[in-house]
Amino acid sequence: MLTHSVTSLSFCTNFDLLLYLDRYKKEIPESECAVITPMDVGGFRSEEYLSINPQGKVPSLKCQTTGVTIAESDTVCRYLMSSYSHLGPSFQPENPLSNEIARFHDMYLTTIQTCLYRAVPPFGTFSTRKDALKEYSKQLYIISNMMDDDGPYLCGKEVSLADASVFPSVVFASFMFPKFDQKGLMDDQQQQLVPKKIEEWFQRMIDTDIAFQRVYEEVRYSF
Amino acid sequence: MWILSLLSRVPIKVFQITLSGRILSTNVSFLIISYLIVCKSSTNTIITHQQTNKQKMSDGLAKWDEKGRWDTIWLAGLRDDEPNSLFDKILAGEIPASIVKEDDKILAFKDINPAAPAHVLVIPKDRDGLTRLSKSTPEHYEILGRLMVAAGEIAKDESLGFGDGARIVINDGAKAGQEVFHLHGTCVSLDLSLSLSLYAINTGAFLFYYSVLDSTLFSIIC
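Quick note, the sequences are listed as chains G and B, same order. Under our numbering, the residue at position 119 of the first sequence is numbered 165, and the numbers go up by one with no gaps. Under our numbering, the residue at position 219 of the second sequence is numbered 1404, and the numbers go up by one with no gaps.
Written out as structure tokens, the structure is:
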């Protein structure tokens, strides 16, 4: 029985990817939780869609049984984690850094991510691409310094919201950072824009975890 | 029996993963197989997914490359490949300069060959492609604004010899009299303003007129 409909644009943003990763990892049945696009309900500005998300943005979720509507990827993911806590991993390990990394990601990485591909500034609070790209790299280093040394996931042995949040952004970063003049963006002591620890974790997820591999391939080849 | 049933599905999954184009080491394959055994994921779902990916291999981010997405993006397809100028040596401290104003983005210093009692040049520390004003893009909105604000502050600084009003000039290109190809605004005290105006008109330079008394007056003479 269809209990939830999630409105998304099918990998248009890393927020959608986070949502998909959540679904893949927990293996939430599509018969219960269907993904639709805003076009299916008349478009972003339609009365029906604005009743689901007054911001007119994706993703959002509507619970078919209760009529509850919620928006924003982090909120939708947490709702799905809670509603489907009986399926798969909890995404909420004991390590408190999971929520902190996810929050840092949402606040300081995704807000300037357009510097990687958008034609003109501004990029969040940054009016120059160089400053925004440097900040993006700096934020990745902050996250890498918070990573669990033993892994395999960002916060240790268990997959968490931190992995689900950061992974889609690194798909973009690993593909797009090499497009830019590396030398002009790095400090004297800096070796690379994407920290080695993040790179290794990213590759490990692709190589060893089907859900992450699936998301990687969908954004890499189907975005 | 249950274990045998699962194991019988393993080769199919390995084959599907290989189809996706990824080269898998034995260890990695082992890890994935182990994972599949543990999580008991659906074979049908994976098959559908891999086939979909094969059909879409020509799409995705690679298509952004094909369409030249980054060709016109600053610092990616577009870069500052012009040679360094005299100002880079001043910025590096290799050539002495009388610095009158500095912050993280701009530097202002007295012209070594002043044409008036007060003659200050204001430049962006990072040229960032701005060899001349006509190279500016939306990437430069901030630095151009900061240059103008800094020039305005300099132009009313009595300690530097400026008085009630000044001329702020940007020469764009060699034909306009630009000698150093690192964008710079020239602030000169008013006693030279007439000659600078005539110079700008004659050479086709862009002239920015600034007056403390009438700060809204702004003209461009080509």
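All C-beta atoms in this analysis are idealised placements derived from N, C-alpha and C, irrespective of residue type, glycine included.
Secondary structure of Ala1282(B) (DSSP, three-state): coil. Inclusion of Ile1355(B) and Ala1293(B) in the CB contact set at 8 Å is not warranted, their separation being larger than that value. When the beta-carbon positions are compared, Leu1315(B) and Pro1309(B) come within less than 8 Å of each other. The beta carbon of Leu231(G) lies closer than 8 Å to those of Lys176, Leu179, Lys180, Ser183 and Leu239 in the same chain, with the five residues before and after it left out.
In the DSSP assignment, Lys243(G) falls within the alpha helix (DSSP H) that extends over Lys242 to Thr254. For Pro139(G), the closest Cβ of chain B is not nearer than 8 Å. Rounded to the nearest whole angstrom, the CA to CA distance from Trp1249(B) to Val217(G) is 14 Å. Look at the beta carbons and you see the segment 198-208 of chain G touching the segment 133-145 of chain G: at least three pairs across the two are nearer than 8 Å. For Thr1257(B), the closest Cβ of chain G is nearer than 8 Å. It is roughly 14 Å from the alpha-carbon of Ser51(G) to the alpha-carbon of Glu118(G).
For Lys203(G), no chain B residue has a C-beta closer than 9 Å to its own C-beta; the minimum C-beta separation is roughly 13 Å. Judged by DSSP secondary structure, Arg1352(B) falls within the beta strand (DSSP E) whose first and last residues are Ala1351 to Ile1355.
Those residues of the segment 224-236 of chain G placed with their C-beta closer than 8 Å to a C-beta in chain B are Lys225, Phe226, Asp227, Gly230 and Leu231, ordered along the chain. Taking CB atoms only, Gly1278(B) has no neighbour in chain G less than 8 Å away.
Non-local beta-carbon contacts of Arg260(G) in its own chain, meaning distances under 6 Å to residues more than five positions away in sequence, involve Tyr70 in chain order. In the DSSP assignment, Lys1274(B) falls within the alpha helix (DSSP H) that extends over Leu1271 to Leu1276.
Residue-level contact by beta carbon holds for Gly1245(B) and chain G, with a gap shorter than 8 Å. Cβ contact annotation for Phe248(G) (same chain, cutoff 6 Å, sequence separation greater than five): Val216, in chain order. In the structure shown, the three-state DSSP call for Glu1364(B) is coil.
In this structure, Asp86(G) is the residue among Gln110(G), Lys72(G) and Asp86(G) with its C-alpha nearest to the C-alpha of Val104(G).
Judged by DSSP secondary structure, Cys123(G) falls outside any beta strand (DSSP E) and instead within the alpha helix (DSSP H) spanning Ser119 to Ser129. Beta-bridge annotation (DSSP): Ile116(G) is paired with Leu107(G). In the DSSP annotation of this structure, the continuous segment of the alpha helix (DSSP H) that includes Lys176(G) starts and ends at Arg175 to Met192.
Residue-level contact check: Thr160(G) does not touch chain B, since none of the beta carbons of chain B fall below 8 Å from its beta carbon.
Take the alpha-carbon of Ile116(G) and the one of Arg124(G): they are about 11 Å apart. The C-alpha of Leu186(G) is placed about 8 Å away from the C-alpha of Ile244(G). Contact of Arg266(G) with chain B by beta-carbon distance below 7 Å involves Gly1245 and Leu1246.
Nearest in C-alpha terms to Lys242(G), of all of Asn191(G), Pro168(G) and Thr121(G), is Asn191(G).
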